[in-house]
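Reading through the structure tokens given below for one structure.
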């Protein structure tokens, strides 16, 4: 079996779960003897990796590079008209390059790559698999979603032979908002390569509370700051780390100042892989107050780093992890209560991190690849 | 001849209200929830089952004999929310066919941290049972049938004739639970051991379609009992088995209504209460239980309440207040309500990931939520103890 995968991000250039998912998926498919032909947009960074059975083709030219060389990516700046042009150019080139190659199945990831998949299906008659990591509604936290993107997503869902989502919650959303056929949608939870993370290590208990994610409405960083202000009413010696970059950074800094907590908040900006590992490990609590979160791989990474975790109830990850706190993202009193309790009662954190780490054992990427292969057979 | 000993346990914890680090002057206990749960259990289980048992006694007469153990916290809640349940229990008591057992008032784990506190709670419970039913209990059952040599000795010293625990292989070896045994180190008290196989056939397996004996009928069950060797067959059940754990639709009430008649068709079977068993039979051997056992779960130990570090830490911190809390009557009662085993059970992480089979009536989303709520209340109680005791000393 040889599969053509159309991706958008690939490490080291990534802004979220899609990039991690694509990398781990192709790596593990390759290991299982599935031939992978991966198309990704050309960019200045070097994406080539020595992956068994995987051929990576960078499509397009640097002029149509969706990744901005200043380091902050187009996603974070919102969609400009040039972004849509870039997407269109990428899709056209994918179709052109693919017509010279052999493959048995087409697998697209999110709306940026689906038009090419539909065109290739039409031309070759090969089955089309469409993985949706997040919808336009998710990414915009339901605030002003782009109608044209929703249309692209809807068309892709209609024309795909099989749709993969990363949680049951997401599947329901596709059925409700996109009228997806229930029988055509498979749920494959994201995973974590937990051995890459340190597991249970001695905590310094420096009272560090971590937020890590794109600074957009979707991830709920403002709820994190409001919870922080409440925590500080009870515990004065706490440091809140906001890691990641994004459009809301200036607004969040302003927010921290007006809440009077700026001395207790650190905005780290972009973190390298190594810094990321360090941040997860140093934290006494990881908080993911996402407004919309189809899965939430970072929660698994925090758990793999031996850090007690608080997640939004509606996050896909909360369908799979029991040993964590689950909260309503808007209930900042509840979030603050739980943060204070984790900081005060160390036995709680010890118990939670040990048990949640145990839960990761069934959540490797190997499983994701295996379930994806089963999905290919169905398609 | 073997005697069937039916004993029913009734308990409802006083569940805690939501209490956060921000809570001030918020009540510790969730009266609304406690009322709701009690009323529901009264409607589905207590009232109909009491009525069934009363009918059976009316009809069969003195040949049908049963025993109850009611926790003090259950009785307190009945007094507040459902006095008719107590009325019907009194009617049962008035028949003379019903024995009431002794236990700790608070369904507590006191035996595991302070024998002094343990005794006090037993005495409180004795007083309550005497007031309500005019009976002085002679047989003791500890919370969740927790038992050890030490607990048996303590209970013997308090003058009891018998003590109830689990008839598990870990203490019996090859021996049968259908006899009386003498606790190691004791001279007069005897142990009645629950026949867990025959008890669980009703309590757990009654409506289990995967069970090869499903459906369980009263005549089949009576036949099994009649074939048993031994002096006493101890069927000890949570009362909520009737109508709550086993819903009405499973036919559990029809089973209860016919089972005594089926049993009495066998000449080698009769019914006796625990005290009557102790009078009728002699212990056949000694059981030696140095480490505490219970009737809970597969492990039959205390791990459902005191295994993980949250449970141990919460328990230790509660226990540490013993000396200081005794100066303040109101806070003493609250402190004792916080000893009820259920609070620690809710913090159990053992089977949480598989979807705990014991979720029933658990008010928390997770063991972690149970722990922080308990700890926040305990912290607040400590604060009150410190400030209110100071006021007294001035």
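Chains as they are written, first to last, in the numbering used here: chain Z, 2 to 380; chain D, 1226 to 1619.
Glycine included, C-beta positions come from ideal geometry on N, C-alpha and C.
Of all C-beta pairs linking the region 221-228 of chain Z to the region 16-23 of chain Z, fewer than three are shorter than 8 Å, placing the two stretches out of contact. When rounded, the separation of the alpha-carbon atoms in residue 147/Z and residue 1599/D is 47 Å.
Secondary-structure assignment with DSSP links residue 6/Z through a beta bridge to 39/Z and 108/Z. In the three-state reduction of the DSSP assignment, residue 277/Z falls in the helix class, which pools H, G and I.
Taking C-beta separations shorter than 8 Å and ignoring five residues to either side along the sequence, the partners of residue 1360/D in its chain run 1318, 1324, 1325 and 1354, following chain order. For residue 1538/D, the nearest CB of chain Z lies under 8 Å from its own CB, placing it at the interface with that chain.
A contact between stretches requires three or more CB pairs, one per stretch, nearer than 8 Å, and the region 166-182 of chain Z meets this requirement with the region 133-153 of chain Z. In the three-state scheme derived from DSSP, where H, G and I count as helix and E and B as strand, residue 1463/D is classed as strand. In this structure, residue 1263/D sits near residue 1302/D, with a CB-CB distance shorter than 8 Å. Bridge pairing for residue 1295/D: 1235/D [DSSP]. Residue 1372/D has a beta carbon lying at 8 Å or more from every beta carbon in chain Z. The beta-carbon of residue 1597/D is placed less than 8 Å from the nearest beta-carbon of chain Z.
Contact annotation, residue 1491/D with residue 1451/D: C-beta distance approximately 4 Å; criterion of less than 8 Å satisfied.
The count of Cβ pairs closer than 8 Å, one atom from the region 1336-1345 of chain D and one from the region 1285-1292 of chain D, stays below three, leaving the stretches out of contact. Counting the other CB atoms within 10 Å of its CB gives residue 1350/D a total of 16 or more, which places it among the buried residues.
For residue 1247/D, the chain Z residues whose Cβ falls inside 9 Å of its Cβ are 231, 234, 235, 334, 337, 338 and 341, in order along the chain. DSSP places residue 132/Z in no alpha helix (DSSP H) but in the uninterrupted beta strand (DSSP E) bounded by 129-133. Residue-level contact check: residue 271/Z does not touch chain D, since none of the beta carbons of chain D fall below 8 Å from its beta carbon. Taking CB atoms only, residue 1577/D has a neighbour in chain Z less than 8 Å away. Within the region 1270-1328 of chain D, the complete beta strand (DSSP E) segments of 3 residues or longer fall at 1291-1295 and 1323-1325, listed in chain order.
Apart from sequence neighbours up to five positions away, the residues of its chain that approach residue 1572/D with a beta-carbon distance below 6 Å are 1535, 1536, 1592, 1595 and 1596, ordered along the chain. Between the alpha carbons of residue 36/Z and residue 227/Z lies a gap of roughly 48 Å. With contacts defined by Cβ atoms closer than 8 Å, residue 1456/D and residue 1506/D form a contacting pair. For residue 197/Z, there is no enclosing beta strand (DSSP E), as DSSP gives it neither H nor E. Look at residue 330/Z: its C-beta is not under 8 Å from any C-beta on chain D.
Selection 111/Z, 197/Z, 187/Z and 192/Z evaluated against residue 155/Z yields 111/Z as nearest (Cα-Cα). Linking residue 1459/D to residue 1453/D through their CA atoms gives a straight-line distance of about 11 Å. Close CB contacts of residue 1483/D within its chain, under the 6 Å cut and outside five residues either way in sequence, are with 1443 (chain order).
Contact annotation: residue 55/Z and residue 31/Z have beta-carbon atoms nearer than 8 Å. Under the DSSP assignment, residue 139/Z falls in the alpha helix (DSSP H) whose first and last residues are 137-140. Here residue 1526/D is not near residue 1514/D, since their CB atoms are 8 Å or more apart. Below 8 Å, too few C-beta pairs join the region 1469-1478 of chain D and the region 1228-1244 of chain D to call them touching: fewer than three. Among the CB atoms of chain D, one or more fall inside 8 Å of the CB of residue 351/Z.
Straight-line measurement puts the Cα of residue 277/Z at about 25 Å from the Cα of residue 141/Z. Interface residue (Cβ-Cβ distance to chain Z less than 8 Å): residue 1527/D is not classified as such.
Of the other Cβ atoms in all chains shown, fewer than 16 fall within 10 Å of the Cβ of residue 100/Z; this residue is therefore exposed.
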